[in-house]
DNA sequence: GCCAACGTTGGC
DNA sequence: GCCAACGTTGGC
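Numbering (our numbering), first residue to last: 25 to 167.
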């Protein structure tokens, strides 16, 4: 039998539009509104149980929590035209402390992250090494 | 099919 | 508020 591999991802959201605390209050949310082909590809590659880092863009500019894919890609009900997808996410836990964009920029191990390389992408894959590093940072005091 | 113009995102 | 990066659109 084969062990299911768990992929890691990151989604970005402006906290004024939809922040972590609202997400926690909701308990579950459909990640709708993505209108970018690369992001759509990533949404469709998500598998139930995959880990998803939740990043606050514009205000905060930090990774605040961990979520999980609860439902794989299905047609985005908010799309009036075009072929767009969404997934369902559930919050798992807040990070012990947020990991800021500034810290990520300073970490040599995280220089290849899409967050830095392609700042406009709102749904992106995270490598296992990057995920582990972010997890480690979140358990360590910021300077 | 190229490329200039324009719109959007998101950091600063 | 500005601007860089990037995606999309439309003229040719």
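Note that CB positions come from ideal geometry on N, CA and C, so glycine has one too. What you are looking at is a predicted structure, and each value in this text was computed from that prediction instead of being measured.
Close-in-space but distant-in-sequence residues of the same chain around residue 34 (CB under 6 Å, 5 per side omitted): Locating residue 34 in the first chain gives position 10, where the first residue counts as 1. Around residue 34: 77, 79, 148, 150.
Host alpha helix (DSSP H) of residue 81 (start-end): The residue given as residue 81 occupies position 57 in the first chain. It is not in any alpha helix (DSSP H) - residue 81 carries neither H nor E in the DSSP assignment.
Cβ contact check for the segment 109 to 124 and the segment 52 to 69: 3 or more pairs under 8 Å: Yes: at least three Cβ pairs fall under 8 Å.
Identity of the residues DSSP links to residue 117 by a beta bridge: The sequence position of residue 117 within the first chain is 93, counting from 1. DSSP, once it has assigned bridges, lists 90 as partnering residue 117.
Distance, residue 126 Cα to residue 69 Cα: Here residue 69 refers to the residue found at position 45 of the first chain. Here residue 126 refers to the residue found at position 102 of the first chain. Cα to Cα, the separation comes out at about 29 Å.
8 Å Cβ cutoff met for residue 129 and residue 140: The residue labelled residue 129 in the question sits at position 105 within the first chain. The residue labelled residue 140 in the question sits at position 116 within the first chain. Closer than 8 Å, so yes.
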